[in-house]
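**Student:** Numbering (the numbering used here), first residue to last: 231 to 1049.
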C-alpha cells in the first residue's frame, strides 16, 4: 500500500518507538502486505486518532502475549454468546505490535464490547425477525408520533424494543412449528431454531430507525396549521417518504469512509453490542471472583428504574438542582449564574441521569472529547457569555440570560404570526412590530454553530484529505481489522442498490416540490443535496470518533433564507432535505457499524433499515392525519388534553423567522447580529495551529485538541444548561479516565453494560411514570399532594424560573431604533 509522503517522517518517529519495534524472533506473517508498508499504513490510519494510545510501550514479546491469552474455560464469559469471543484475552499483557490487531481490535472499547469471531451459518432473516421488526416499527413510530404532538410527552426508545423483543423472540421460538417449506427453491421455516443474537440485532435496528419519527411531519403540520395549506395524502406521503429515504442512499455509498475503517469506532454502537452480548450469554464457567455481566445489568437496571421515580416525579428538584438559587431566590445575578431554567447552570451538579445523559452518555463518549466540550463550556458560556450579558451586548441584559426563545423589544416572546400576511412575510408589519432579539446564550449558540460548520470542514481537510483519497480506491478486502475480515464472508450491498434508492427518492422529491405549492425551486433542492453530500463525511467521521454530532439546521435555515427569502415553506423543505440528508446518512452509517460489529449480513441490514423507514412513513402520516380529524382543537394553545403540538410550533416559528424575517435582516452588514459572522472565520482558522502542534509533537496533549468538538460539543445550549455538561463531564472523568486508567479490568467488564442499564432504567421509568401517574386523569393525580410539595415547586419560586432580566428598560421598549 502507498503511504502518505508528507507524513513519512512523522510516521517513522512513531513506528520506531519501542512499542512498534520488533519484539519477537518469529513475527506473525501478514499475507500479501510487506511488514514495513503495513506498519506505516497502520500508523497513518491512527495518526490523528485520539482514541488510539500511541504512548503505550510494551515490555512483552508476541509470544508472551500469546501465553497470557485466557482460555474460555478460565473466564466467566465476557461474551459467552452463540459467538464466543476472547475479546479481553489480551488485556493481561500490554499491547506490543500492530500485528497483534490481526485477531483483535486495537481499541479496548471495542474489545470490551464486540465479539471477534462469527458464525456465518446463524439464521438472521427469519420469519420471526420480520414479524417482530415490523411490529416494533409500527408500534414505536405510531406511539412516538402520537405523543410528540403532546406536552408533556414521552419518547419510546430503541432500548424498550431491545429488552422486550428478547422474551417475545424466545416465546416464538418455543411455540412456532419447525416445519420446513420450499418456496421457489428457497428453504425456510417459521422456526429455524433458538432465537439468536443476529435476529435480535435486526429487530432493534428496525426499531432504532423509526424512534425519531419523520422530520417532514412537522412541515406538513406547519403548512396545515399556520399557512392554511391542507394538502392531500399524496403530497404528505411523497414528501415524507422521499426525505426519509434519500439519506440512506448517501450513508450506504459512503460506508467505506464511515463504517469499514477500524478507527471509526462509533462509541454509541458499542453500548448496544455490549448489551446484546450480555443478554445472549449462553454458556461458560462462571468466575466466582466477579459478578456476571447479566447479573450486574439487571441490578443496575432495577436500581436505575427505581431511583428515577425521585427526580422524575417525587422530588423533581433533584433534577434541576439549582441549590444556590434556593438560598437566594430573589438575587437576580445569583439566579442568572447558577440557575438551570433560564440561567447558566454553574451549580455543577444534578442527580438525574436523564439530565446527565441529556447530551449523550458520559460512559460512552471518550474522555478527551468530553474535556474539549467542558473547555468550550467554561470559556464560551461561563466566561464570554456573562461578559456579553452584563455589558448589554446585543441588548441582552434586558432579557433572560439563557433562553432558546426569541423576544421583542418589550421583552415579550416574539410572535412570528404578527409579521405574516396570508402566510408570507410582510415587511411593513415587521417594521411596525419589533426587531427579533436573542438571549445571550442563544446568540453564543448561533456563533458556535457558525464556527463548527467551518471548523469541521477545515479540520477534515487538513487531517483526513489523503486518507479520504486513499479510501476512494479501497475495498473491504483492504481492511486489516478483524471485524472487516470476518464481514468478507457475506456479499456486500452493490452500489447500484444505494444509487437506485437515492435516485428514486430524488425523482419523487422533484415531483413533490414541482407539482405542489412549496415555493422551493429545483435548483435550490440540488444545492441542499450537495450540502448534505459534502457534510456527511466530516460530520460522520466526527461522530464516529468522538460520539459528538454537529447540528447544522441553523446553517441550512440561513442559506435558504438568503437564497429564497420570503418563502417559509420553501425554507422548511430546504432545511429538511439538507439536514435530514446528512442526519439520516450518518444514522444509517452508525447502524451499519452496529451490523458490522455484530456480523449481520449487509444485505439483510440494508433491507431491514429500508423496510422499517418505508413502513414508518405511512404509519406516522396516518397517525397525524387521524389526530387532525379526531382530536378537537388539535395543535392549538390550551388544548384540553395537552395536544398543542409544541415541536410543530417551534418548527413553524423557525420557518417564519428564517424564511420570513430572513438572515439578511439579522446578520447582514450593519445589522445587529452581523458580528456573529466572524465566528465563521474563527472556526476556519482555529484548527490550523493545533494541527501543526499535533504534527510537531505527535505524542503530546495537542493531539487531543479537537476544534470541531470544541465548537459543536455545547450545541445543546440552550435549552440545556451548564449542569447538563458539568455533571456529564464529572461522571465521564470518573469512568472514562479514572476507572479506565486505574481499574481497567472493571472498566472493560462493566462500563458499557452500566451505561446501557442506566439508560434503560430511565427510559422505562419515563414510560411507566407517564402512563401511570401523568397521562391518566389529565395529569391531576397527586395534584394536591405530590405535585404541590416543596420538592416539586420550591425551585419554581425563584428569579431563575421567572426569567428575570438584569436590566429593566426606562421606557416601554428597548433595542435598536431601526431594524
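Just so it is clear, CB atoms sit at the ideal spot from N, CA and C, and this is done for glycine as well.
Whole angstroms are fine: how far does the CA of residue 850 sit from the CA of residue 915?
**Tutor:** The straight-line gap from Cα to Cα measures roughly 43 Å.
**Student:** Need the endpoints of the alpha helix (DSSP H) that residue 562 sits in, please.
**Tutor:** Residue 562 -> alpha helix (DSSP H) spans 562 to 568.
**Student:** Is the separation between the beta-carbon of residue 496 and that of residue 714 shorter than 8 Å?
**Tutor:** Contact: no.
**Student:** If I follow the unbroken alpha helix (DSSP H) through residue 818, where does it start and stop?
**Tutor:** Looking at the DSSP string, the run of the alpha helix (DSSP H) that includes residue 818 is 798 to 827.
**Student:** Which value, in whole angstroms, describes the spacing of the CA atoms of residue 340 and residue 820?
**Tutor:** Their backbone Cα atoms lie some 14 Å apart in a straight line.
**Student:** So, for residue 1043: in the same chain, excluding its five sequence neighbours on each side, which residues have a beta-carbon less than 6 Å away from its beta-carbon?
**Tutor:** Contacts found: 639, 640.
**Student:** Find the nearest neighbour of residue 535 within the set 895, 1000, 987, judged by alpha-carbon distance.
**Tutor:** The residue with the shortest Cα to Cα distance from residue 535 is 987.
**Student:** Using alpha carbons as the reference points, say which of 551, 358, 600 lies closest to residue 422.
**Tutor:** Nearest of 551, 358, 600 to residue 422, Cα basis: 358.
**Student:** Pull up the distance between the alpha-carbon of residue 829 and that of residue 412, whole angstroms please.
**Tutor:** Residue 829 and residue 412: Cα-Cα distance of roughly 26 Å.
**Student:** Please report the straight-line C-alpha distance between residue 426 and residue 769, rounded to a whole angstrom.
**Tutor:** If you take the alpha carbons of residue 426 and residue 769, they lie about 34 Å apart.
**Student:** If you follow the beta strand (DSSP E) that residue 419 is part of, which residue opens it and which one closes it?
**Tutor:** Per DSSP, residue 419 belongs to the beta strand (DSSP E) from 416 to 419.
**Student:** Report the residue from 862, 774, 680, 831 whose alpha carbon sits nearest the alpha carbon of residue 787.
**Tutor:** Measuring from the Cα of residue 787, the nearest candidate turns out to be 680.
**Student:** Please state whether the Cβ-Cβ distance between residue 595 and residue 962 is less than 8 Å.
**Tutor:** Their beta carbons are under 8 Å apart, which means residue 595 touches residue 962 by this criterion.
**Student:** I'd like the list of long-range same chain contacts for residue 1039, defined as Cβ closer than 8 Å, with 5 residues on each side in sequence excluded.
**Tutor:** If we look at residue 1039 and ignore the five residues flanking it on each side, its Cβ neighbours are 628, 641.
**Student:** Go through the segment 693 to 765 residue by residue and report every complete run of the alpha helix (DSSP H) that reaches 4 residues or more, in order.
**Tutor:** DSSP runs (the alpha helix (DSSP H)) wholly in the segment 693 to 765: 712 to 717, 725 to 745.
**Student:** Using the beta-carbon count (16 or more within 10 Å), is residue 809 buried or exposed?
**Tutor:** Looking at its Cβ environment, which holds 16 or more other Cβ atoms inside 10 Å, residue 809 is buried.
**Student:** Just curious, the beta strand (DSSP E) that residue 411 is in, first and last residue?
**Tutor:** It spans 410 to 413 - the beta strand (DSSP E) in which residue 411 sits, taken as one unbroken run.
**Student:** What first and last residue would you give for the alpha helix (DSSP H) that runs through residue 394?
**Tutor:** Run containing residue 394: 388 to 405, per the alpha helix (DSSP H) assignment.
**Student:** Exposed or buried, residue 610, counting other C-beta atoms within 10 Å across all chains shown (16 or more means buried)?
**Tutor:** Residue 610 should be labelled buried.
**Student:** Which residue or residues does DSSP assign as beta-bridge partners of residue 650?
**Tutor:** 655.
**Student:** Can you grab the Cα-Cα spacing for the pair residue 345 / residue 581, in whole Å?
**Tutor:** Cα-Cα distance, rounded: 34 Å.
**Student:** Short check: CB of residue 468 to CB of residue 741, under 8 Å?
**Tutor:** Going by C-beta atoms, residue 468 is nearer than 8 Å to residue 741.
**Student:** Going residue by residue through the segment 933 to 1001, where are the continuous alpha helix (DSSP H) segments of at least 4 residues, counting only ones entirely within it?
**Tutor:** 937 to 942, 952 to 962, 974 to 999, all fully within the segment 933 to 1001.
**Student:** Of all the options 524, 1048, 657, which has the alpha carbon lying nearest to the alpha carbon of residue 901?
**Tutor:** Considering only alpha carbons, the answer is 1048.
**Student:** Are the Cβ atoms of residue 755 and residue 738 separated by less than 8 Å?
**Tutor:** In this structure, residue 738 does not lie closer than 8 Å to residue 755 by Cβ.
**Student:** Comparing C-alpha positions only, which one of 764, 1016, 853 sits nearest to residue 369?
**Tutor:** For the residues 764, 1016, 853, the minimum Cα distance to residue 369 belongs to 853.
**Student:** Specify the secondary structure class of residue 671 as computed by DSSP and reduced to three states.
**Tutor:** Residue 671 falls in the helix class under three-state DSSP.
**Student:** Identify, in the order they occur along the chain, each residue of the same chain with its Cβ nearer than 6 Å to the Cβ of residue 757, setting aside the five sequence neighbours on each side.
**Tutor:** Once the five neighbours on either side are set aside, residue 757 has no close Cβ partner at all.
**Student:** Measuring alpha carbon to alpha carbon, tell me which of 1028, 583, 441 ends up nearest residue 991.
**Tutor:** Among 1028, 583, 441, the Cα nearest to that of residue 991 is on 583.
**Student:** Please state the DSSP three-state secondary structure of residue 612.
**Tutor:** Residue 612: helix per DSSP, three-state reduction.
**Student:** Does the separation of the CB atoms of residue 957 and residue 578 fall below 8 Å?
**Tutor:** Taking 8 Å as the Cβ cut-off, residue 957 and residue 578 qualify as a contacting pair.
**Student:** Kindly list the residues whose CB is nearer than 8 Å to the CB of residue 618, restricted to its own chain and excluding five residues on each side of it in sequence; keep chain order.
**Tutor:** Around residue 618: 624, 626, 670, 673, 674.
**Student:** Are residue 631 and residue 566 touching if we call contact CB-CB under 8 Å?
**Tutor:** Yes, the Cβ-Cβ distance between residue 631 and residue 566 is below 8 Å.
**Student:** What are the start and end residues of the alpha helix (DSSP H) that includes residue 543?
**Tutor:** Here residue 543 belongs to no alpha helix (DSSP H), and DSSP marks it neither H nor E.
**Student:** Going along the chain, which residues of its own chain have a beta-carbon closer than 6 Å to the beta-carbon of residue 494, five neighbours each way excluded?
**Tutor:** Hits under 6 Å: 488, 774.
**Student:** Chain D beta carbons: is any one of them nearer than 8 Å to that of residue 915?
**Tutor:** Protein chains in the displayed structure number just one, and chain D is not present.
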